[in-house]
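So for the sequence shown, this note's numbering puts the first residue at -13; every next one is plus one. This report concerns only the one structure given below.
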Amino acid sequence: MLQPDQTDEAPLQYQGKWYQRNQDTRTYLVMGIDRPGEAGETGSYIGGGQADMLMLLVLDPVAKTSTILQLNRDTMTEVEVLGVMGDVVGTQTMQLCLAHGYGTGVEDSCENTVRAVSNLLYGTPIDGYAAIQMDAIPILNDAVGGVTVTIEDDFSDVDPSLVQGEEMTLHGQQAYSYLRYRHYVGDSTNLSRMRRHRTYLAEFSKQAQKALLENPNFINTLYQDLSAYMVTDISGADAGQLAQQFYQYTSQGVKTLEGEAKLGEVYMEYYVDEESVIETVLQLFYTETEQPGG
């Protein structure tokens, strides 16, 4: 069994094979925060808002590949609980999305989520983060001229302009509805919303690449437009470089962790398959190697 403290420079063994960590691989956590308005301190130590969307961008400069690992907000995992002074007062098993709720909604909430994701992935280091308020969706969407998708679910109860079965180019509030809403849409599950996120992301990436080719300053401009709605430790210059790498590298697509969704006492809970987690970690962050001393 892969152990969290084994994810360092030393080779590790799993199912009879040896693996070495890819030291050059870089990871960046992108979060969509379910809190209205611009980003900023909430004035409460438990008011950070939930991370409804979590995607981990993985860049491997040696293999020159890019991968996105989509994480289910309902994933049951160990989360650090922050006290009124911002210090860690304990840990509890809860939905991953709740990690961002601890803290004041800025760096402390982001860092708590980063730690929870790293722990879920057996101590995998995360090199940066960006938490974006959901109200920024129209800005992102319209910056690339809209995103075309086929409406697979019934949105009639939340946004009648999204017609099931039709191919539509989403603009402004339509993109917000498509990405944000879960209840009263289709089967109302987060798994279905995650499917919509993957569909949207594939088309958004194509549009963003076109925009970047047409305007080398596209990422910098978008970064500035998002700044009021975003908490990040990634500079504008670094964001531009990451975007260039993302499009220069060979895409490995979007991966997810296998598991099972269950209804808990009140809310949905997603229990990941540990073998899936281990295999994903090894695939994304390790290379098979010779047995040490062999």
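Backbone N, C-alpha and C fix where the C-beta goes; we use that ideal spot for every residue, glycine too.
Here Arg12 is bridged, per DSSP, to Leu45. Taking every protein chain shown into account, the CB of Gly114 has 16 or more other CB atoms within 10 angstroms, so this residue is buried. Taking C-beta separations shorter than 7 angstroms and ignoring five residues to either side along the sequence, the partners of Thr77 in its chain run Glu64, Val65, Glu66 and Val67, following chain order. The stretch 7 to 26 and the stretch 81 to 100 touch, with no fewer than 3 CB-CB distances between them shorter than 8 angstroms. About 5 angstroms separates the Cβ atoms of Arg179 and Arg168, confirming a contact at the 8 angstroms cut-off. Distance from the CA atom of Tyr186 to the CA atom of Lys192, rounded to whole angstroms, is 10 angstroms. Of the candidates Gly91, Thr11, Gly87 and Leu249, Thr11 places its Cα closest to the Cα of Leu45.
Ranked by Cα distance from Asp211, the first of Arg7, Glu24, Leu43 and Met39 is Glu24. Secondary structure in the stretch 200 to 236: the beta strand (DSSP E) runs of 3 residues or longer, each lying completely within the stretch, are 216 to 218 in chain order. Bridge partners of Arg7 according to DSSP: Tyr272.
Selection Ala214, Gly69, Asp219 and Ala223 evaluated against Ile205 yields Ala223 as nearest (Cα-Cα). With a cutoff of 8 angstroms on beta-carbon distance, Asp60 and Glu261 are scored as not near each other. Bounds of the beta strand (DSSP E) holding Val258 are Met254 to Val258. Separation of the CB atoms of Gln56 and Thr242 is rounded to 5 angstroms, and the pair is thereby assigned contact status at 8 angstroms. Fewer than three Cβ pairs drawn from the stretch 142 to 151 and the stretch 195 to 209 lie within less than 8 angstroms of each other, which leaves the two stretches out of contact.
Of the candidates Ile54, Glu153 and Gln(-1), Ile54 places its Cα closest to the Cα of Tyr233. Boundaries of the beta strand (DSSP E) around Gln81: Val74 to Gln81. Pairing Arg7 with Phe271 gives a Cβ-Cβ distance under 8 angstroms. No Cβ-Cβ contact shorter than 8 angstroms links Ala161 with Ile137. When DSSP states are grouped into helix, strand and coil, Glu93 belongs to the helix group. Only buried fits Ser52, as 16 or more other CB atoms lie within 10 angstroms of its CB.
Cβ contact annotation for Ile220 (same chain, cutoff 8 angstroms, sequence separation greater than five): Tyr14, Gly114, Tyr115, Ala116 and Leu228, in chain order. Boundaries for Gln159: no beta strand (DSSP E) harbours it, while the alpha helix (DSSP H) harbouring it runs Gln159 to Arg166, taken from the DSSP string. Judged by DSSP secondary structure, Leu68 falls within the beta strand (DSSP E) whose first and last residues are Met62 to Leu68. When DSSP states are grouped into helix, strand and coil, Ile123 belongs to the helix group. Assignment of Val130 by DSSP, reduced to helix, strand and coil, places it in the coil class.
The C-beta distance from Arg166 to Met120 rounds to 5 angstroms, short enough to meet the 8 angstroms contact threshold. DSSP places Glu246 inside the beta strand (DSSP E), whose first and last residues are Gly245 to Leu249. With 16 or more other Cβ atoms from the protein chains shown falling within 10 Å of its own Cβ, Thr99 counts as buried.
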